[in-house]
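Trainee:
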Amino acid sequence: MSLRSRGTVALFLLLLSSTMIPAAAQTVKKATVGGKDFDAAAAAQARRYLEEGRETFRFDTFGSEDFWGGKLKLHEAVAGENLGGKGPGLSPKKALELGLKVDVNAIPKDVAAALDKGEVDLEDPASTLLLLKANAVVGVSGFFGDDGKTLTSVGIQCAVCHSTVDDAYAPGIGHRLDGWPNRDLDIGAIVALAPDLTAFTEMLQIPEAEVKKAVAAWGPGKFDAELNLDGKAFRPDGKTSATLNPPAFGLAGVNNHTWTGAWGTVSYWNAYVGNLEMHGKGVFYDPRLDDAEKYPVAARTRQGHKQDKEDRITAKLPALHFYQLSLPTPQPPDGTFDSAAAEKGKALFNDKAKCATCHVPPLFTEPGWNLHTADEIGIDDFQAMRSPDGRYRTAPLRALWNVEKVHKGGFYHDGRFATLEDVVEHYDDHLKLSLSAQEKGDLIEYLKSI
């Protein structure tokens, strides 16, 4: 055999052997990080994401001050004419009435002492500016001029809608509860305070009076996250198209975003809200919004193709997502429900009442594609049809015992069912369950225990 032939055979055998050896064995010598090191790196990243995500959720405006202050000039309405703005200004008393919350841990000690003595004028907008400067207003940041006193802009954070406080100091003033929906916040009324609504009139192509009518109809705890897409401010029955601010806790393992389906994951919705609702600076892509028939406003304004020169959102999405998924569901305090009745209700939930068909424990939503038509759940399809695939998401059952904060304003996407009793009655009728009064009561006690 010639040298050339022998070389060819050797090369063939080498190639053959490399294909037969497992890939892991072939690359083991090239690995630069051992298993123990990788575990440590994963743990370090988890800690970093938790801290960075919390910071983003609570304090990052994503540059939204250029919209809320720069375009709407909302800071002028907050300051009032006596402090260089316009109108009467926004006092702490009025801000609390509008549902804004104050983080008691952020209030400066001297201000807290003055509050205790009743020496802080809660009717004076200057006191609001003091709280803004201390970063004590949950979900809102104030920006001040070189003098440190003149309010030059305001921006918003995720926490404005998806955090509240425990009222430990006073109603509306307490420790933060991240992920709890702010069902007191009257977003529409706050928007209507803005001196310049041109950004909304131009986007929606309606007069200012119509913009104010639309946002005023929202009421406390509600927001219309699709108005900027389809321009539908009201349902066919004349009621607002706004939906309740949803909880942002207990979402680990849950597919699809808040109320309706096929938008995407929680991370998708963070990008959507950060760019198109908070009006932060970033990049957002969704060609489905080019559908001029379904989403005429979004198609005309190219909202599915947002490309700001400065991107202050995208890099923060991983940690923000991680932090939100870390937020646990609040557990029911002792005495919140009847334990014996709840045990009976659990059996009903998993069998006769058919609840677990969709609300699969322990996620209490389907593991997978958790979407249903309006007919399947026995309600109208208006809100569902605003979503890409025309379906409602199976909402994960979370903290149903809490109707003072988490579920204030009712159940379902628009609060159409005021109580759990109403929800159970609806499904008893729709699914023809024929539950007795006792069974309904037991089922409700189990729902409160989740």
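With mature numbering (1 follows the signal peptide of the UniProt record, and there is no 0) as the guide, the letters of the sequence shown map in order to residues -25 to -1, 1 to 425. For every residue, glycine included, the Cβ atom is placed at its ideal position computed from N, Cα and C.
Are the Cβ atoms of Asp417 and Lys319 separated by less than 8 Å?
Mentor: Contact: yes.
Trainee: Count the other CB atoms, across all protein chains shown, that sit within 10 Å of the CB of Lys407; report buried if there are 16 or more and exposed otherwise.
Mentor: Flag for Lys407 reads exposed.
Trainee: Taking the runs of the alpha helix (DSSP H) that are 4 residues or longer, which of them lie wholly in the region 154 to 179?
Mentor: Runs of the alpha helix (DSSP H) inside the region 154 to 179: 162 to 167 and 173 to 179.
Trainee: Would you list the one or two residues that DSSP bridges to Leu152?
Mentor: Answer is Thr139, bridged to Leu152.
Trainee: Please check the pair Thr103 and Ala81, which I expect to be a contact at CB under 8 Å, by giving their CB distance rounded to whole angstroms.
Mentor: Incorrect: roughly 14 Å between the Cβ atoms, too far for contact.
Trainee: To which residues of the same chain is Ala(-3) closer than 6 Å at the C-beta, ignoring the five residues directly before and after it?
Mentor: With a pLDDT of only 48 at Ala(-3), under 50, the local geometry of the prediction cannot be trusted, and no value is derived from it.
Trainee: CB Gln299 to CB Ala223, shorter than 8 Å?
Mentor: Yes; because the gap between Cβ atoms is below 8 Å, this pair is in contact.
Trainee: Less than 8 Å between the beta carbons of Gly114 and Ile131, yes or no?
Mentor: Their beta carbons are under 8 Å apart, which means Gly114 touches Ile131 by this criterion.
Trainee: Determine the extent of the beta strand (DSSP E) in which Thr127 is found, giving its start and end residues.
Mentor: Leu126 to Ile131 is the span of the beta strand (DSSP E), which, as asked, contains Thr127.
Trainee: Which residues in the same chain as residue 512 place their Cβ atom closer than 6 Å to its Cβ, once the five residues preceding and following it in sequence are excluded?
Mentor: Nothing can be reported for residue 512, as the shown portion of the chain is limited to -25 through 425.
Trainee: In its own chain, which residues sit with a C-beta less than 6 Å from the C-beta of Leu107, not counting the 5 before and 5 after it?
Mentor: Same-chain partners within the cutoff: Gly117.
Trainee: Less than 8 Å between the C-beta atoms of Thr127 and Gly44, yes or no?
Mentor: A contact, by the Cβ cut-off of 8 Å.
Trainee: Find the nearest neighbour of Pro146 within the set Val186, Tyr402 and Gly74, judged by alpha-carbon distance.
Mentor: The shortest Cα separation from Pro146 among Val186, Tyr402 and Gly74 belongs to Gly74.
Trainee: For Val112, which beta-bridge partners are listed by DSSP?
Mentor: The partner list for Val112 (beta bridge, DSSP) reads Val77.
Trainee: Kindly identify the DSSP beta-bridge partner or partners of Arg368.
Mentor: Its beta-bridge partners are Leu346.
Trainee: Skipping 5 residues on each side, what residues in its chain have a beta carbon closer than 6 Å to that of Phe175?
Mentor: So the list reads Val186, once near-sequence residues are dropped.
Trainee: For Lys321 and Val129, I'd like the C-alpha separation in whole angstroms.
Mentor: When rounded, the distance between both Cα atoms is 48 Å.
Trainee: Thinking just about the alpha-carbon of each residue, which of Tyr421, Glu40, Ala111 and Gly28 is nearest to the one in Pro307?
Mentor: Comparing Cα positions, the closest option is Tyr421.
Trainee: How far does the beta strand (DSSP E) with Gln282 in it extend, from its first residue to its last?
Mentor: His280 to Gln282 is the extent of the beta strand (DSSP E) around Gln282.
Trainee: Between Trp376 and Thr311, what straight-line distance do the alpha-carbon atoms span, to the nearest angstrom?
Mentor: Near 7 Å, if we compare the C-alpha coordinates of Thr311 and Trp376.
Trainee: Provide the residue(s) that pair with Val258 in DSSP beta bridges, ordered along the chain.
Mentor: Paired residue(s): Gln282.
Trainee: If I follow the unbroken alpha helix (DSSP H) through His296, where does it start and stop?
Mentor: It spans Leu292 to Ser301 - the alpha helix (DSSP H) in which His296 sits, taken as one unbroken run.
Trainee: Should Ser39 be labelled buried (16 or more other beta-carbon atoms within 10 Å of its own) or exposed?
Mentor: Buried: at least 16 other Cβ atoms inside 10 Å.
Trainee: Going by the beta-carbon positions, is the gap between Ser138 and Arg158 smaller than 8 Å?
Mentor: Against a cut-off of 8 Å, the Cβ pair of Arg158 and Ser138 comes out as no contact.
Trainee: Which two residues bound the contiguous alpha helix (DSSP H) that contains Tyr247?
Mentor: Element bounds for Tyr247: Val241 to Tyr247.
Trainee: How big is the Cα-Cα spacing for Pro67 and Asp141?
Mentor: Going from the Cα of Pro67 to the Cα of Asp141 covers about 18 Å.
Trainee: Going by beta carbon distance, what residues of the same chain come within less than 8 Å of Leu226, once the five residues before and after it are set aside?
Mentor: Once the five neighbours on either side are set aside, the close Cβ partners of Leu226 are Val241, Gln299, Leu300, Leu302 and Pro371.
Trainee: Looking at the unbroken alpha helix (DSSP H) that takes in Ile419, where does it start and where does it end?
Mentor: Counting along the chain, the alpha helix (DSSP H) containing Ile419 begins and ends at Ala412 to Ser424.
Trainee: Let me make sure I understand the geometry here. Which of Glu51, Gly9, Glu351 and Phe297 has the alpha-carbon closest to that of Ala167?
Mentor: Ranking Glu51, Gly9, Glu351 and Phe297 by Cα distance to Ala167 puts Glu51 first.
Trainee: Could you give the residue range of the alpha helix (DSSP H) that holds Phe42?
Mentor: That run of the alpha helix (DSSP H) goes Glu40 to Trp43.
Trainee: For Met178, which option in Phe198, Asp205 and Ala164 has the closest C-alpha, if you only look at C-alpha atoms?
Mentor: Nearest option by C-alpha distance: Asp205.
Trainee: Excluding sequence positions up to five away, which residues of its chain have a Cβ less than 6 Å from the Cβ of Asp261?
Mentor: The answer, listed in chain order, is Gly279.
Trainee: Just checking my contact of Trp234 with His388 at CB under 8 Å: how many whole Å lie between their CB atoms?
Mentor: Yes, Trp234 and His388 are in contact; Cβ-Cβ is about 4 Å, under 8 Å.
Trainee: Could you tell me if His334 is buried or exposed, where buried requires 16 or more neighbouring beta carbons within 10 angstroms of its beta carbon?
Mentor: Buried.
Trainee: Tell me whether Gly339 sits in a helix, a strand or coil according to DSSP, three-state version.
Mentor: Note on residue identity: the sequence assigns Phe, not Gly, to residue 339. If DSSP states are grouped into helix, strand and coil, Phe339 belongs with coil.
Trainee: Confirm, please, whether the CB-CB distance from Leu346 to Asn231 is below 8 Å.
Mentor: Cβ distance < 8 Å, so Asn231 and Leu346 count as in contact.
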